[in-house]
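*Asks:* Take this structure, written in structure tokens, and hold onto it; I'll ask about it next.
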Amino acid sequence: MKKILSAIMALALIMSTAAASTTTAFAGTSDSTELKNAIAAVKKVIEIPEKLSEFSYYYDEENESGSLVHMNWSDKEQSSYVSAAVTDKGVITSYYCHVPEFEGTGLAKITKTQAEKYASEYLTKLTYTPQGTFKLDDSVGSDYGQDYYFTYTMYVNGIPCDFANVRMGINKYAGKLSSYSYRSDVKDTAAAEYPSKDKVLTKEEAEKIYLSELGPELKYLSYYDYSKKSLKVFAAYGTDGVNRAIDAATGKIVKLYDDIIIYRDMGAKQEEAKSTSNAAGAEIKYTEEELKEIERAQNLMDKNEADKTAKNLISSIGSQTLKSVSLREDWGPNQDYVWQLNYEKHYVTLDAKTGNLISYYTSQDNDSKRDIGLEKAKNTAEGFLDKVCADKKQQIVWTNENTIDSKYGNYDFTYTRQENGISFVDNSISVSVNKASGEVVSYSKTWYNNATFPKLDGAIDKAKSFRIADELGNYDLIYKKDSEGKIALVYDFKKDNTYIIDAFKGIRLDYTGEAYKEANGAEYTDISGNWAEKIITELKNNGYYLEGDKFAPKAATTQIEFFKYLYSPEQSYYRDNDDFYKMLLANNVITKEEINPNAKVTRQEAAKFISRYLGVGKLAKESSIFKNMYTDKVEPSYLGYASAAYALGIMKGDAKGRFNGTGTLTHAETAVVIYNTLNNK
Numbered sequence: 252m253k254k255i256l257s258a259i260m261a262l263a264l265i266m267s268t269a270a271a272s273t274t275t276a277f278a279g280t281s282d283s284t285e286l287k288n289a290i291a292a293v294k295k296v297i298e299i300p301e302k303l304s305e306f307s308y309y310y311d312e313e314n315e316s317g318s319l320v321h322m323n324w325s326d327k328e329q330s331s332y333v334s335a336a337v338t339d340k341g342v343i344t345s346y347y348c349h350v351p352e353f354e355g356t357g358l359a360k361i362t363k364t365q366a367e368k369y370a371s372e373y374l375t376k377l378t379y380t381p382q383g384t385f386k387l388d389d390s391v392g393s394d395y396g397q398d399y400y401f402t403y404t405m406y407v408n409g410i411p412c413d414f415a416n417v418r419m420g421i422n423k424y425a426g427k428l429s430s431y432s433y434r435s436d437v438k439d440t441a442a443a444e445y446p447s448k449d450k451v452l453t454k455e456e457a458e459k460i461y462l463s464e465l466g467p468e469l470k471y472l473s474y475y476d477y478s479k480k481s482l483k484v485f486a487a488y489g490t491d492g493v494n495r496a497i498d499a500a501t502g503k504i505v506k507l508y509d510d511i512i513i514y515r516d517m518g519a520k521q522e523e524a525k526s527t528s529n530a531a532g533a534e535i536k537y538t539e540e541e542l543k544e545i546e547r548a549q550n551l552m553d554k555n556e557a558d559k560t561a562k563n564l565i566s567s568i569g570s571q572t573l574k575s576v577s578l579r580e581d582w583g584p585n586q587d588y589v590w591q592l593n594y595e596k597h598y599v600t601l602d603a604k605t606g607n608l609i610s611y612y613t614s615q616d617n618d619s620k621r622d623i624g625l626e627k628a629k630n631t632a633e634g635f636l637d638k639v640c641a642d643k644k645q646q647i648v649w650t651n652e653n654t655i656d657s658k659y660g661n662y663d664f665t666y667t668r669q670e671n672g673i674s675f676v677d678n679s680i681s682v683s684v685n686k687a688s689g690e691v692v693s694y695s696k697t698w699y700n701n702a703t704f705p706k707l708d709g710a711i712d713k714a715k716s717f718r719i720a721d722e723l724g725n726y727d728l729i730y731k732k733d734s735e736g737k738i739a740l741v742y743d744f745k746k747d748n749t750y751i752i753d754a755f756k757g758i759r760l761d762y763t764g765e766a767y768k769e770a771n772g773a774e775y776t777d778i779s780g781n782w783a784e785k786i787i788t789e790l791k792n793n794g795y796y797l798e799g800d801k802f803a804p805k806a807a808t809t810q811i812e813f814f815k816y817l818y819s820p821e822q823s824y825y826r827d828n829d830d831f832y833k834m835l836l837a838n839n840v841i842t843k844e845e846i847n848p849n850a851k852v853t854r855q856e857a858a859k860f861i862s863r864y865l866g867v868g869k870l871a872k873e874s875s876i877f878k879n880m881y882t883d884k885v886e887p888s889y890l891g892y893a894s895a896a897y898a899l900g901i902m903k904g905d906a907k908g909r910f911n912g913t914g915t916l917t918h919a920e921t922a923v924v925i926y927n928t929l930n931n932k
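Mind the numbering: the sequence shown is residues 252 to 932 in the numbering used here, read in order.
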């Protein structure tokens, strides 16, 4: 039978953090004792199957929170395995298990409620914190796949600590722990005192400071569809505080721990990486004769002119030999040709038509303790801008003055494009100046030449955008680490600190500028007491759902609803219905003539689509070899499909055994059809 594409979750098995524990510490003992105690720490709370007789391990002595013992168990065939990491304090920081009983098919054998109970029991065994307790987060994630996932956050004084988290996976078929990761640090969980919540600012006072100092910021964002070669620019408020928050006691701006800042949405990064990869894979290689014709037809510089231009713009190239050069098309919004020139120590990209510098990089020794200072570095950077992009100077402003840091050897300046008085954050110019030599060591310009910007008339104000973000992210007290790694009590968004709010509609957007959708859909408000409630809920707990908080059980199911329900887990792969239907066509689930997104789906059509989905469509098409198992007449062209649906227990008919082939499927009936289908996979 045909299988739906499975989403493979990559789990981080090796964690470099640690926490306090009641388990006896074994630091400073012999390797054998340390290993023995590490094995005991795992087996004390988790049963390792006897068939996993193969064992290996290694030590990580350089872990910043102490040493770690990494252990692996497997069977002789390497088909089953367990991995775990244990600190020198006896704390399990990561665990992963894969055994055949975890590889179920169809829908889950345990409910999400049962899985949550099992997770809570494991949590009690695996974690210990003298200062706080772990509570289950209410964040919504995808429930598709072989595991239910639960995330817990540590609370101290009734306040969440964003630096102490547990993520756990419970297998849907066996009800056992499949994965566990513990992100915390021994000095945090064992800290004697956390900043007091007494005598802190009120939330209203903190809001005023936030609006004055941090945001939300009205800005232009963009999304480029590589397949359609279309650029969309949209206005939105963003709550990304550039890793800053408000001290709850003093009201001062606190620079937070220099952790990874996720800008906007990881989906954007994944989409960008995918698009870039696709573009690179499709890059065209030109012959010398073809290059000459391109140059002549489009008035492009030849490589000698490009070489000369690069050396004029960047004097430090000097007499370096040009080692390689290539001409390629820019796959982004500008659709221009660019020259890429690689010298002995310098790498340069130029616009092949205008000769404008797009990017440049060279490396320099950063070991020197000399520091020219921020002001001199900034003067150098802006002098370089005068030389290479003077025409853009009036359209950019320096935007990273609050976060600039030279501790890694360079002063990195970011200048963001301004349109209609606000930043277009996807267009910027970056310049890096070596703090020791005072030379420009890198430059990068992203600038969409043909971008058009919507007017800002009618945009909601900053205060309203903040209230919307507050409803989404719960702006309140939270423990975070400051830039020095110390625990600080601050006001910030507790759920997420990055939201994109439509500047006009006031709704949350995703990175493409479309209305944001939860990974597993919203909770339904209209299925209580419905005859199909249990099935609808079970489907949703497995990642299958109709969008919105209204399921509308009695509503007729349209073709696009039917397929999106059936293919719920794959929806994130397709940006629009056209791409989605291309996939259905490629998989022979529908024909081009049958495409009709808004048409109401009949029972006989559902039987046909389901037969194809399960890979029995060709056989079911031969209606003459099938017998009608229903009490009413079935149209000859659909008899095979109806018989297949009957034989597989997907559509058995109504109380009187009738197929009712021309009848329209309701949402509730569709849920039952899909439920039965998935249990036949």
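Where is the CB? At the ideal position from N, CA and C, for every residue including glycine.
Looking at the structure shown, is residue 351 part of a helix, part of a strand, or coil, going by DSSP?
*Replies:* helix
*Asks:* The alpha helix (DSSP H) with residue 418 in it runs from where to where?
*Replies:* Unbroken run through residue 418 is the beta strand (DSSP E), 410-422; no alpha helix (DSSP H).
*Asks:* Does the beta-carbon distance from residue 710 to residue 465 come in below 8 Å?
*Replies:* no
*Asks:* Counting beta carbon pairs with one atom in the stretch 745-757 and one in the stretch 724-732, are three or more of them shorter than 8 Å?
*Replies:* The stretch 724-732 is in contact with the stretch 745-757.
*Asks:* Can you look up residue 738 in the DSSP assignment and give me helix, strand or coil?
*Replies:* The answer is strand: DSSP assigns residue 738 an E or B state.
*Asks:* I need the DSSP call for residue 642, collapsed to helix, strand or coil.
*Replies:* helix
*Asks:* Around the C-beta of residue 876, are 16 or more other C-beta atoms found within 10 angstroms, so that it is buried, or is it exposed?
*Replies:* So residue 876 ends up on the exposed side.
*Asks:* Have a look at residue 867 and residue 857 and give me their C-alpha separation to the nearest angstrom.
*Replies:* Cα to Cα, residue 867 sits roughly 14 Å from residue 857.
*Asks:* Where does residue 444 land, buried or exposed, given buried means 16+ other C-beta within 10 angstroms?
*Replies:* exposed
*Asks:* Got a sec, what are the start and stop residues for the alpha helix (DSSP H) residue 834 sits in?
*Replies:* 828-837
*Asks:* Under the DSSP definition of a beta bridge, which residues are partnered with residue 669?
*Replies:* 674
*Asks:* Closest to residue 581 by C-alpha separation, out of 600, 593, 568, would be which residue?
*Replies:* Residue 600 is the option with its Cα nearest to residue 581.
*Asks:* Mind listing, in chain order, the continuous beta strand (DSSP E) runs of no fewer than 3 residues lying wholly within the stretch 671-735?
*Replies:* 673-685, 691-697, 726-732
*Asks:* Considering just the uninterrupted stretch of the beta strand (DSSP E) at residue 506, what are its terminal residues?
*Replies:* 504-506
*Asks:* Verify whether the separation of the beta carbon atoms of residue 693 and residue 612 is less than 8 Å.
*Replies:* Yes, the pair counts as a contact, with Cβ atoms nearer than the cut-off.
*Asks:* Name the one or two DSSP bridge partners that residue 338 has.
*Replies:* 319
*Asks:* Report the three-state DSSP secondary structure of residue 923 (helix, strand or coil).
*Replies:* helix
*Asks:* Return the chain-ordered list of same chain residues with a C-beta closer than 6 Å to the C-beta of residue 280, the five sequence neighbours on each side being excluded.
*Replies:* Because the pLDDT at residue 280 is just 46, under 50, the model does not fix this residue reliably, and the value given afterwards should be weighed accordingly. Counting only Cβ-Cβ distances below 6 Å, and skipping sequence neighbours, we find nothing.
*Asks:* Using a Cβ-Cβ cut-off of 6 Å (strictly less than) and excluding sequence neighbours within five positions of residue 597, which residues of its own chain qualify?
*Replies:* 568, 613
*Asks:* Counting only runs of 4+ residues fully inside the stretch 870-909, write out the alpha helix (DSSP H) ranges in chain order.
*Replies:* As for any alpha helix (DSSP H) of minimum length 4 sitting wholly inside the stretch 870-909, the runs are 890-898, ordered along the chain.
*Asks:* Would you call the CB atoms of residue 584 and residue 472 closer than 8 Å?
*Replies:* Taking a C-beta distance under 8 Å as the contact criterion, residue 584 and residue 472 do not qualify as a contact pair.
*Asks:* Could you give the C-beta distance for residue 691 and residue 682, rounded to a whole number, given that I count them as a contact under 8 Å?
*Replies:* 6 Å
*Asks:* Distance check for residue 718 and residue 460, CA to CA, integer angstroms please.
*Replies:* When rounded, the distance between both Cα atoms is 14 Å.
*Asks:* Using a threshold of 8 Å, state whether the C-beta atoms of residue 886 and residue 855 are closer than that.
*Replies:* Cβ distance < 8 Å, so residue 886 and residue 855 count as in contact.
*Asks:* Have a look at 292, 389, 374, 304 and flag the residue whose alpha-carbon is nearest the alpha-carbon of residue 343.
*Replies:* 292
*Asks:* Contact defined as beta carbons within less than 8 Å: I believe residue 874 pairs with residue 862. What is the distance between those atoms, to the nearest angstrom?
*Replies:* Wrong, their Cβ atoms sit about 11 Å apart, outside the cutoff.
*Asks:* Of all the beta strand (DSSP E) runs that stay within the bounds of the stretch 454-492, which reach a length of 3 or more residues?
*Replies:* You should have 468-476, 481-489.
*Asks:* In terms of residue numbering, what span does the beta strand (DSSP E) encompassing residue 431 cover?
*Replies:* 428-434
*Asks:* Could you say if the stretch 789-803 and the stretch 761-781 meet the contact criterion of at least three C-beta pairs nearer than 8 Å?
*Replies:* Cβ pair count under 8 Å is three or more, so yes.
*Asks:* Would the beta-carbon of residue 578 fall within 8 Å of that of residue 590?
*Replies:* Yes.
*Asks:* Using C-beta distances below 8 Å, list every residue in its chain close to residue 839, excluding the 5 sequence neighbours before and after it, in chain order.
*Replies:* The beta carbon of residue 839 sits closer than 8 Å to those of 863, 868, all from its chain and outside the five residues before and after it, given in chain order.
*Asks:* Whole angstroms are fine: how far does the CA of residue 828 sit from the CA of residue 603?
*Replies:* 37 Å
*Asks:* Just how far apart, CA to CA, sit residue 923 and residue 467?
*Replies:* 45 Å
*Asks:* Going by Cα to Cα distance, which pick from 553, 594, 326 is closest to residue 572?
*Replies:* 594
*Asks:* Using the C-alpha atoms, what's the distance from residue 921 back to residue 808?
*Replies:* 7 Å
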